[in-house]
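Count along the sequence shown from 1, add 1091, and you get the number used in the working numbering.
Cβ coordinates follow ideal geometry from the N, Cα and C atoms, glycine included.
In what follows, a single structure is set out as structure tokens and then discussed.
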Amino acid sequence: MKRYANEFKLEKYKLYLEAENLFYVLLDTHDIEAMHNLIKKFPFHVDTLLVLSEYYNENNNFEVANKFTKLALLLLQHIFHIDFHPNNLNKRRNIYVNPYLYDNKALFKALYMHMVSLENEACTITSLEVAKLLCKIDLQYDLCSILLRIDSLILKCTLFDFLIYFSFNFVIQNVHCEGCKGCKVCEDGEAQTAGNALQSKLLFDNFEIRLHFILPNFAFSLPLSMYLKNNNFVDHQEIRVVSVDDLVSAFTYEECRFLSPHFSIRFNCHRDGERGGHDRLGQSDNAEDDLGSAERDQSNPPKVSTKEQKKKQPSLSFSAHVTLLRALLCFPSFLHTFLNYNNFKTTKVVKKTIYETSFKDILASPPFSSASLFPPEEYETVQKIIRCYLEKNNIYYKSEKIITWFHVCSSFLHELYKDPSAAQALDKARAQWHAKVPLLDKNKYKDVRVGEFKSSNYLLPDFMMEKNRTYSPHTPGTSSNYYVSLNSNLIIAFFQSLLPWYQVDYYGYQND
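Set out below in structure tokens:
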């Protein structure tokens, strides 16, 4: 591995290229025995190890598959640059590994397969750490679609506080607003951020940095985290006390008041209720560190009496309802996809619900029947992300209790939209949310496939499978080190001569 300024690259040398050429000759033959023979002769060839791992994964021989993946990682580990360390990556968003370079693909493939195998072995925290590494070395393109699966890993690790923290902070800490070049508002803001708090406020009014307002998987993982935190329970009756004002405020940074009582995070975007409950915008010289961010709260909270606390703080069920209602308002198409995924008939009676409206009537009414806020191409991407999310989190979304909860929330919105003033207020909040420019382009996931999120027989991301390298059967100027002697056993000589890495020693010059 070499480092060039701010980029790490894998570089292959003469002997590795010889193995590479033989590998590509054999690849289309699907001859596993030949691959095994190749790895015996070139035990350092990472791509062969990964192909063997794929083969055994497809045949459900996970133990052998994991062995080959770990061998590949061990080899890669030995060639890592001394500065290739997670704590050094992407300082000032500059250091990365380019996934489009062919030679780098082995690194991405090995890490990706290791991440999935760790998750399947229930080593979820280690899998999460590998996912973070994959995310950090490819922030710009995210060709491994880590942001579409990391929320699921966090939920499996029961790191609910970290999910909230990650959703608030990922964009502002890692993603540079490249799309804003040439944008006067953005450029002026960048020039004056340190000294002009008002300009900072304008920037954060016009741009969206929270993942749960950008990606549908994070939008629905937030309420799901509260449901899981509450021991797979929500009080359905509490939805009746949710007001239109609560839902409208949930679209702003005021949402923090629904989250702060239940998570050990200090939200810098929200003032306490007695101070007016306004968004805390432009309160700091360093806006990026302050605006819309969340920090792990390690300080002692102010002492408040238990009665006062209960009056002031929303319950976990209430907050879960508000965040799920907001997610459905942001991505109403989720409901139809969710029901199709569960093969749930829209006319079927839902068990243990508090509303009598059928899903059929709900889907035929606003906001679920309204035209999408997204343009067609972006809408297709959103739908793909939703399908991938449901596939990845099927252990939760196949549950009858979740179906009942979705029915309660969608029925509540159905009833709410019968009031014209409520419908107008909610549509206005949705329009204002959609008018913001997200600082993460969700269209980068337009080519993602649901098969990548299956727990078994999963597909690898497309870029890992591309055969965009031309190869010749022999490396120019490089002769094979393996020869067949005509003086050896004829049967052995015959079979050896069939292998592409052996050459026949016609004249006996290569005898030792």
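Is it buried or exposed, residue i, if we count other Cβ atoms within 10 angstroms and call 16 or more buried?
i: His1176; result: exposed
i: His1169; result: exposed
i: Asp1122; result: exposed
i: His1079; result: Because the chain is modelled from 1092 through 1603, residue 1079 falls outside the range shown and cannot be assessed.
i: Ala1455; result: exposed
i: Lys1483; result: buried
i: Asp1376; result: Interpretation of Asp1376 is limited by its pLDDT of 33, a score under 50 that renders its predicted location unreliable; no figure is taken from the coordinates.
i: Tyr1256; result: buried
i: Ala1462; result: exposed
i: Ala1522; result: exposed
i: Lys1439; result: exposed
i: Lys1131; result: exposed
i: Asp1242; result: buried
i: Tyr1480; result: buried
i: Lys1320; result: buried
i: Asn1066; result: An answer regarding residue 1066 cannot be provided, because it is not within the stretch 1092 to 1603 covered by the chain.
i: Tyr1095; result: exposed
i: Asn1157; result: buried
i: Ser1460; result: exposed
i: Asp1252; result: buried
i: Glu1124; result: exposed
i: His1635; result: Missing from the structure shown is residue 1635; the chain here goes from 1092 to 1603 and no further.
i: Asp1174; result: exposed
Report the rounded CA-to-CA distance for residue i versus residue j, giving the unit in angstroms.
i: Asn1260; j: Val1137; result: 35 Å
i: Lys1196; j: Asp1510; result: 55 Å
i: Lys1519; j: Ser1408; result: 26 Å
i: Ile1445; j: His1327; result: 7 Å
i: Leu1070; j: Leu1129; result: The requested residue 1070 does not occur in the structure, where the chain is confined to residues 1092 to 1603.
i: Ala1213; j: Ser1512; result: 49 Å
i: Leu1517; j: Pro1458; result: 9 Å
i: Gln1264; j: Lys1227; result: 11 Å
i: Val1262; j: Phe1298; result: 11 Å
i: Leu1225; j: Pro1190; result: 10 Å
i: Pro1529; j: Leu1464; result: 14 Å
i: Glu1346; j: Phe1304; result: 12 Å
i: Thr1442; j: Phe1503; result: A small correction: the amino acid at residue 1442 is Lys; Thr does not occupy that position in the sequence shown. Cα-Cα distance, rounded: 16 Å.
i: Arg1240; j: Leu1246; result: 10 Å
i: Arg1357; j: Leu1238; result: 24 Å
i: His1353; j: Leu1140; result: 46 Å
i: Leu1143; j: Leu1165; result: 15 Å
i: Asp1119; j: Met1204; result: 21 Å
i: Ala1110; j: Pro1134; result: 10 Å
i: Arg1417; j: Leu1531; result: 20 Å
i: Arg1331; j: Thr1495; result: 15 Å
i: Asp1336; j: Ile1216; result: 38 Å
i: Glu1468; j: Lys1527; result: 18 Å
i: Cys1268; j: Glu1471; result: Here the model assigns Cys1268 a pLDDT of 40, short of 50, so the residue's position is not dependable and the matter cannot be decided.
i: Leu1051; j: Asn1322; result: Absent from the structure is residue 1051, since the part of the chain shown begins at 1092 and ends at 1603.
i: His1498; j: Ser1334; result: 18 Å
i: Asp1194; j: Leu1167; result: 12 Å
With distances taken between CB atoms, is the gap from residue i to residue j smaller than 9 Å?
i: Leu1106; j: Met1092; result: no
i: Tyr1232; j: Ile1493; result: no
i: Phe1199; j: Met1555; result: yes
i: Val1539; j: Pro1307; result: no
i: Arg1311; j: Phe1435; result: The displayed chain sequence assigns Phe, not Arg, to residue 1311. Against a cut-off of 9 Å, the Cβ pair of Phe1435 and Phe1311 comes out as no contact.
i: Leu1234; j: Asp1553; result: yes
i: Pro1405; j: Phe1324; result: no
i: Ile1476; j: Lys1533; result: yes
i: Leu1313; j: Ser1351; result: no
i: Tyr1536; j: Arg1478; result: no
i: Thr1437; j: Phe1422; result: no
i: Leu1302; j: Phe1295; result: no
i: Val1221; j: Leu1202; result: yes
i: Leu1551; j: Glu1098; result: no
Along the chain, where does the alpha helix (DSSP H) that runs through residue i open and close?
i: Lys1100; result: Here Lys1100 belongs to no alpha helix (DSSP H); instead the beta strand (DSSP E) covers Glu1098 to Lys1100.
i: Cys1500; result: Glu1491 to Leu1507
i: Leu1531; result: Element bounds for Leu1531: n/a, residue is neither H nor E.
i: Lys1451; result: Phe1450 to Leu1454
i: Tyr1446; result: Taken as a continuous stretch (DSSP letters only), Tyr1446 belongs to no alpha helix (DSSP H), as it is neither H nor E.
i: Phe1311; result: Pro1307 to Lys1320
i: Phe1257; result: Phe1251 to Asn1265
Could you check where the beta strand (DSSP E) with residue i kicks off and where it finishes?
i: Arg1540; result: Per DSSP, Arg1540 belongs to no beta strand (DSSP E) and is neither H nor E.
i: Tyr1095; result: Lys1093 to Tyr1095
i: Ile1237; result: No beta strand (DSSP E) holds Ile1237; DSSP gives it neither H nor E.
i: Arg1301; result: Neither: Arg1301 is in no beta strand (DSSP E) and is coded neither H nor E.
i: Ile1356; result: Ile1356 to Phe1358
Measuring from the CB of residue i, is there a heavy atom of the ligand NAP at a distance below 8 Å?
i: Thr1120; result: Inclusion of the ligand NAP in the displayed structure is not the case, the ligand content being empty and no account of it being possible.
Do three or more CB pairs link the region 1536 to 1548 to the region 1487 to 1499 at distances below 8 Å?
-> no
The region 1330 to 1349 touching the region 1410 to 1419, judged by at least three CB pairs closer than 8 Å = yes
Inspect the CB distances between the region 1201 to 1217 and the region 1155 to 1164 and report whether three or more fall short of 8 Å.
-> Between the region 1201 to 1217 and the region 1155 to 1164, the count of Cβ pairs shorter than 8 Å is three or higher; the stretches touch.
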